[in-house]
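So the sequence lines, in the order shown, correspond to chains V and D. One point on numbering: in numbering that gives the first Met the number 0, the residue at position 114 of the first sequence is 113, and numbering is uninterrupted. One point on numbering: in numbering that gives the first Met the number 0, the residue at position 259 of the second sequence is 258, and numbering is uninterrupted. Okay, so here's the structure we're looking at.
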Amino acid sequence: MTPRRIMVTGVGRPMIARFARRLAARDDVELVVGVDAVGPPRPGKAEFLRADLDNPVVGAALVDRGIDTLVHAGVHSQSRVAGGRRRLKEHNVIGTMHLLAVAQHAPDLQTVILKSSTAVYGSSAEDPAHFTERHPSDRHARGFGRDMVDVEGYAVGLARRRDDLDVMTFRFANFIGGADDAALAGFFRLPVVPSVLGWDPRLQFCHADDAVAVLTQAVFEPRRGTFNVAGPGTLYLSQAIRRAGRGHALVPGPLVEATASLLVRAGRVDVPIDQLSFLRFGRVVDVTKLVEQFGYVPRWTTTEAFDAFLAARASRGLGRQDLLALGTEVRERLRRPVA
Amino acid sequence: MADQRGTDADRTRCGEQTRAGHPCRNWAVADGRCRVHARKAAAPDSAAEAESGSRGRDGTNGARHGTAAPRLAKWSSDPAASRSGFRSADFQPVTHRRGQRGATGTGDGDETSAGSPSGAAGGANATPGGSQSAADADAGGLGRAAGGRDVGGGARPGRPTGGRGDSGDLIDALGAALGGDLGAHLATVGDFLRRRFTGDYDVDEFGLDEDLVRHVLLPLLRPLYDTWWRVSSSDRDNIPDGGALLVANHAGTLPFDGMILNYDVHDATGRFVRELGANLVFRTPFVGHLGRKSGAVRASHADADAVLARGELAGVFPEGFKGLGKPFSQRYQLERFGRGGFVATALRARVPIVPVAIVGSEEIYPILWDARVIAKALGLPYFPIVAQMLTLPVLGPAGLLPLPSKWSVTYGEPIPTAHLGPGAADDPMIVFEMADRIRDTIQTMLTRVVMGRKSVFF
Numbered sequence: 000m001t002p003r004r005i006m007v008t009g010v011g012r013p014m015i016a017r018f019a020r021r022l023a024a025r026d027d028v029e030l031v032v033g034v035d036a037v038g039p040p041r042p043g044k045a046e047f048l049r050a051d052l053d054n055p056v057v058g059a060a061l062v063d064r065g066i067d068t069l070v071h072a073g074v075h076s077q078s079r080v081a082g083g084r085r086r087l088k089e090h091n092v093i094g095t096m097h098l099l100a101v102a103q104h105a106p107d108l109q110t111v112i113l114k115s116s117t118a119v120y121g122s123s124a125e126d127p128a129h130f131t132e133r134h135p136s137d138r139h140a141r142g143f144g145r146d147m148v149d150v151e152g153y154a155v156g157l158a159r160r161r162d163d164l165d166v167m168t169f170r171f172a173n174f175i176g177g178a179d180d181a182a183l184a185g186f187f188r189l190p191v192v193p194s195v196l197g198w199d200p201r202l203q204f205c206h207a208d209d210a211v212a213v214l215t216q217a218v219f220e221p222r223r224g225t226f227n228v229a230g231p232g233t234l235y236l237s238q239a240i241r242r243a244g245r246g247h248a249l250v251p252g253p254l255v256e257a258t259a260s261l262l263v264r265a266g267r268v269d270v271p272i273d274q275l276s277f278l279r280f281g282r283v284v285d286v287t288k289l290v291e292q293f294g295y296v297p298r299w300t301t302t303e304a305f306d307a308f309l310a311a312r313a314s315r316g317l318g319r320q321d322l323l324a325l326g327t328e329v330r331e332r333l334r335r336p337v338a
Numbered sequence: 000m001a002d003q004r005g006t007d008a009d010r011t012r013c014g015e016q017t018r019a020g021h022p023c024r025n026w027a028v029a030d031g032r033c034r035v036h037a038r039k040a041a042a043p044d045s046a047a048e049a050e051s052g053s054r055g056r057d058g059t060n061g062a063r064h065g066t067a068a069p070r071l072a073k074w075s076s077d078p079a080a081s082r083s084g085f086r087s088a089d090f091q092p093v094t095h096r097r098g099q100r101g102a103t104g105t106g107d108g109d110e111t112s113a114g115s116p117s118g119a120a121g122g123a124n125a126t127p128g129g130s131q132s133a134a135d136a137d138a139g140g141l142g143r144a145a146g147g148r149d150v151g152g153g154a155r156p157g158r159p160t161g162g163r164g165d166s167g168d169l170i171d172a173l174g175a176a177l178g179g180d181l182g183a184h185l186a187t188v189g190d191f192l193r194r195r196f197t198g199d200y201d202v203d204e205f206g207l208d209e210d211l212v213r214h215v216l217l218p219l220l221r222p223l224y225d226t227w228w229r230v231s232s233s234d235r236d237n238i239p240d241g242g243a244l245l246v247a248n249h250a251g252t253l254p255f256d257g258m259i260l261n262y263d264v265h266d267a268t269g270r271f272v273r274e275l276g277a278n279l280v281f282r283t284p285f286v287g288h289l290g291r292k293s294g295a296v297r298a299s300h301a302d303a304d305a306v307l308a309r310g311e312l313a314g315v316f317p318e319g320f321k322g323l324g325k326p327f328s329q330r331y332q333l334e335r336f337g338r339g340g341f342v343a344t345a346l347r348a349r350v351p352i353v354p355v356a357i358v359g360s361e362e363i364y365p366i367l368w369d370a371r372v373i374a375k376a377l378g379l380p381y382f383p384i385v386a387q388m389l390t391l392p393v394l395g396p397a398g399l400l401p402l403p404s405k406w407s408v409t410y411g412e413p414i415p416t417a418h419l420g421p422g423a424a425d426d427p428m429i430v431f432e433m434a435d436r437i438r439d440t441i442q443t444m445l446t447r448v449v450m451g452r453k454s455v456f457f
């Protein structure tokens with residue numbers, strides 16, 4: 000097989016930068032071009048192209064450098080990173096539109112891999128216990144979820160117009176563990192984590208290592224289709240907060256939006272305000288298709304991914320270990336016979 | 000006193016039968032006659048029968064528990080007088096259930112007795128006593144007897160032996176027994192709290208939080224189940240080992256019947272019923288996630304199929320809110336069984352359907368009137384004005400407690416669906432016919448149990 004020439008967008012994010020570095024280090028990879036508006040922490044052997052996705056430079060590189068695999072991982076969920084919600088949408092939707100338009104005319108292109116999100120399913124009381132890939136995208140999605148629905152739409156269009164391409168879409172659950180800049184990581188770093196009074200969403204996480212492994216496997220063993228990627232199992236939000244040893248603030252429903260915008264303004268956390276229903280209903284997906292058809296078994300369960308995140312972060316205040324020790328102490332005392 | 004009540008009930012019921020002037024259609028018991036007629040024949044010397052009945056139990060209990068037994072038997076003999084024939088014939092499995100609980104109790108007792116020598120005697124004595132009086136409460140089935148088990152179950156059997164010695168010894172022994180028990184109990188609670196405060200528990204893929212259910216929700220239901228509603232459960236053998244769909248009648252304004260069904264099935268099999276809940280349940284704050292944590296899933300194709308495919312027991316109340324909110328005058332008359340979606344679910348999963356009749360739920364909140372205007376304004380399916388609300392000015396919030404009716408849960412014979420083949424779920428005729436059949440079955444079971452019960456409250 001000829002050496003691969005790969006373009007990766009979104010390398011400004013540490014997780015994607017790691018993915019690009021790993022690709023570049025392989026013998027069967029001839030060229031990795033990383034694209035992003037901000038520079039990667041450590042580019043390694045990968046070439047780096049500082050440009051927005053709708054910049055003609057990107058399209059030119061795609062065609063002129065003879066790229067055969069495009070990994071579009073440059074869709075962001077955090078408006079703070081992109082510099083505001085409008086900029087974010089411009090980047091996500093319009094950027095993807097331009098990129099995939101060029102890709103349609105790239106003669107050497109064989110594989111297109113899209114990093115999407117389970118946010119396309121939305122969050123509501125009518126959700127199934129597990130979303131499968133057959134479940135329709137949320138037509139009423141707003142914000143980031145809406146962006147992802149649109150972006151996936153462009154990928155579907157590309158696949159239809161160029162049926163020689165292997166187009167793959169991976170819907171990743173919320174990253175945590177191995178991804179320090181993940182949206183929910185900031186949330187669980189708050190000293191007191193807010194949640195909506197009367198609701199306890201079921202959460203699911205994806206470890207960054209699993210994400211990198213899935214994308215890597217997709218580059219070398221492409222299978223057409225859409226796949227959910229998440230750590231098996233679920234955690235309730237309340238459970239995750241307790242595992243994190245954080246305080247738990249119950250915010251009454253009407254105040255949730257105000258609280259969230261306060262936190263965002265204070266720069267403490269990047270809660271997407273348009274996704275607050277997620278804090279009520281959560282979201283859990285089914286990964287059977289990933290395992291059976293794509294052939295990847297996630298190595299981190301949701302709980303393990305979350306624990307990896309907890310282990311990596313510097314714990315402040317009363318941590319989980321302290322509570323465990325306290326619990327053991329209390330138990331021992333109670334077990335002692337009554338004198 | 001019990002005799003008095005027994006005769007009264009007899010007279011009333013038999014009078015009705017005579018006036019009706021046609022052959023009695025009540026549920027026949029072992030001797031071939033219905034409960035009412037059998038008791039009528041025995042009425043003149045029911046007291047003597049009761050004495051011999053309780054003495055018979057003495058024989059068996061005395062062998063196990065020594066001196067404590069005669070005392071207890073006497074204490075509970077009067078409820079037994081009115082109940083013995085009725086219970087032993089029809090609600091055999093209950094005894095089995097209580098026995099199980101006694102066994103668990105002994106396990107707890109072991110832990111404590113290891114620690115304190117004086118507590119060993121007290122603890123060991125207390126626990127079997129608990130199960131023994133439980134068995135009596137079971138035969139009695141009255142609030143008083145059941146309450147006695149809960150409140151004084153541990154201490155009571157200890158009294159005959161301890162009471163003869165120094166009163167100081169008695170107090171010491173009691174204290175040690177209680178303290179030892181309490182210590183073990185607190186340790187369990189401590190373990191639980193540690194798990195909860197550190198998030199160290201597993202949640203299944205549909206959201207069932209087994210730790211919470213086992214250690215909080217089921218124990219909270221226990222007093223309701225044992226003491227308040229004195230639930231008796233029969234034909235538990237009809238619960239299949241594999242996946243099955245339990246279909247039950249729905250009543251009582253608030254879905255207590257779902258909780259009791261869950262409790263009863265867990266009691267019988269150790270399994271949880273995955274109840275299929277309406278969307279409204281999951282849209283409602285607090286209720287939604289509590290429902291999920293206690294094992295409920297949305298009543299949708301995807302979730303119901305997934306639960307049954309795992310070989311679990313799913314529970315469904317096809318009457319839905321129509322059943323919960325129907326007026327008292329229509330009690331035990333089944334509403335329309337939805338659109339038969341539950342049958343299609345069972346057909347797709349090819350699991351048997353088990354009809355379940357729950358009696359007692361209709362009387363906990365008698366609905367006098369459905370305030371539709373308020374319901375509409377609040378976006379609720381019904382807004383019942385229940386009888387208890389009339390007592391609000393006098394009793395305050397306590398007046399809103401459900402009434403302590405006597406409940407029973409009866410499991411019907413499983414109706415197989417596997418033989419109908421995979422295409423049956425797509426054949427509306429099969430689905431409707433089956434839904435009707437199941438509705439009829441449950442209606443028959445309900446009528447039988449309602450006709451056979453002596454009173455709403457006993």
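For glycine and all other residues, C-beta sits at the position ideal for the given N, C-alpha and C.
Q | Distance between D199/D and D256/D (C-alpha atoms, nearest Å) | A | 31 Å
Q. Does the separation of the CB atoms of G177/V and M6/V fall below 9 Å?
A. no
**Q.** R3/V, DSSP secondary structure in three states
**A.** strand
Q) How do the stretch 206–220 of chain D and the stretch 259–271 of chain D stand: do at least 3 beta-carbon pairs fall below 8 Å, yes or no? A) yes
Q: Measure from the C-beta of H288/D to each C-beta in chain V and report whether the shortest distance is under 9 Å.
A: yes
Q. I think V272/D touches N261/D, with their Cβ atoms under 8 Å apart; what is that distance to the nearest whole Å?
A. 5 Å
Q) So, helix, strand or coil for A243/V, using DSSP? A) coil
Q: Please state whether DSSP places N173/V in a helix, a strand or coil.
A: strand
(Q) Can you list, in chain order, the residues of its chain with a C-beta nearer than 7 Å to that of I373/D? Leave out the 5 residues immediately preceding and following it. (A) F382
(Q) By the DSSP assignment, the beta strand (DSSP E) with G33/V in it spans what residues? (A) 28–35
**Q.** Proximal residues to E147/V (C-beta, below 6 Å), its chain only, five neighbours per side dropped
**A.** Sequence inspection shows Met at residue 147/V; the Glu mentioned does not correspond to that position. Excluding residues within five positions, the ones whose Cβ falls inside 6 Å are S115, S116, A118, V119.
**Q.** R160/V to G224/V span [Cα, whole Å]
**A.** 15 Å
**Q.** Three-state secondary structure assigned by DSSP to N227/V
**A.** strand
Q | Nonlocal neighbours in the same chain, by C-beta distance under 7 Å from R17/V, ignoring five residues either side | A | V211
(Q) List, in chain order, every chain V residue whose beta-carbon is nearer than 9 Å to that of V315/D. (A) Within chain V, no residue comes near V315/D; the closest Cβ sits about 16 Å away, beyond 9 Å.
Q: Give the single residue among F316/D, G322/D, E432/D, H184/D whose Cα lies nearest to the Cα of Y364/D.
A: G322/D
Q. First and last residue of the alpha helix (DSSP H) that includes V264/D?
A. 255–268
Q.
Whole angstroms are fine: how far does the CA of I384/D sit from the CA of K88/V?
A. 52 Å
Q: Any chance you could list the beta strand (DSSP E) runs of at least 3 consecutive residues sitting entirely within the stretch 175–200 of chain V, in chain order?
A: 191–195
Q.
In whole angstroms, give me the CA-to-CA distance for R193/D and G9/V.
A. 42 Å
Q) Name the chain D residues whose beta carbon is nearer than 7 Å to that of L189/V? A) The premise fails here: L189/V is roughly 16 Å from chain D at the closest Cβ pair, so nothing lies under 7 Å.
Q: Could you spell out the range, first to last residue, of the beta strand (DSSP E) harbouring F47/V?
A: 46–49
(Q) If you reduce the DSSP assignment to three classes, tell me which class Y410/D lands in. (A) strand
Q) What residue range is occupied by the uninterrupted alpha helix (DSSP H) comprising V288/D? A) As written in the sequence, residue 288/D is His, which differs from the Val given in the question. Taken as a continuous stretch (DSSP letters only), the alpha helix (DSSP H) holding H288/D covers 286–292.
Q.
Could you check whether H206/V and H304/V sit closer than 9 Å to each other, using their CB atoms as the reference points?
A. According to the sequence shown, residue 304/V is Ala rather than His. Contact: yes.
Q: Inspect the CB distances between the stretch 178–195 of chain V and the stretch 236–253 of chain V and report whether three or more fall short of 8 Å.
A: yes
Q: Can you have a look at D44/D and say buried or exposed, based on whether 16 or more other CB atoms are within 10 angstroms of its CB?
A: Any answer about D44/D is weak, because its pLDDT of 46 lies below 50 and its placement is not dependable; what the coordinates show is given next. That one is exposed.
Q: Scan the stretch 182–237 of chain D and note each continuous beta strand (DSSP E) run of 3 residues or more that stays entirely inside, going in chain order.
A: 231–233
(Q) Do S276/V and S122/V count as a contact pair if the criterion is CB distance below 9 Å? (A) yes
(Q) What I want to know is whether the C-beta of G197/V ends up closer than 8 Å to one or more non-hydrogen atoms of the ligand NAD. (A) In the structure shown, the ligand NAD is absent, as is every other ligand, since no ligand is present at all.
**Q.** For G398/D and G230/V, the rounded distance between their alpha carbons
**A.** 49 Å
Q) What residues of chain V sit near F320/D, judged by a beta carbon separation below 7 Å? A) Ordered by position in chain V, no residue passes the 7 Å Cβ test against F320/D, which lies about 16 Å from the chain.
Q: Kindly indicate which three-state DSSP category I384/D falls into: helix, strand or coil?
A: strand
Q. Under a CB-based cut-off of 9 Å, is S299/D close to chain V?
A. yes
Q. Does A305/D get closer than 9 Å to chain V when you measure Cβ to Cβ?
A. yes
Q | Residue-chain proximity (P284/D, chain V), Cβ-Cβ < 9 Å | A | yes
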